[in-house]
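Written below as structure tokens is the structure these notes are about.
Residue numbers (our numbering): 990 to 1063.
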């Protein structure tokens, strides 16, 4: 019943985790929908389309951005 109900009332000690689980799944899906095309696009650009003199500096910049925790960006 804890996983299948969405009510959360500490007074009556009635707790359910459906709403937080659903919110987590929806948020993760939105993040994947945004991140996957951008990541694939950057990878294709760097490997196939980018001029050679720009490939190394852009690759270093992407690795630097990947090394910074996401909380810093937010």
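C-beta: ideal position from N, C-alpha, C; glycine also. Remember, predicted model here, so these are calculated numbers, not experimental data.
Beta carbon of residue i nearer than 8 Å to that of residue j
i	j	result
residue 990	residue 1007	no
residue 1048	residue 1035	yes
residue 1051	residue 1029	no
Residue i versus residue j - alpha carbon distance
i	j	result
residue 1022	residue 998	33 Å
residue 1024	residue 995	29 Å
residue 1058	residue 1042	28 Å
residue 1009	residue 1016	10 Å
residue 1033	residue 1027	10 Å
Three-way DSSP call (helix, strand, coil) for residue i in this model
i	result
residue 991	coil
Residue i - containing alpha helix (DSSP H), residue span
i	result
residue 1052	1041–1056
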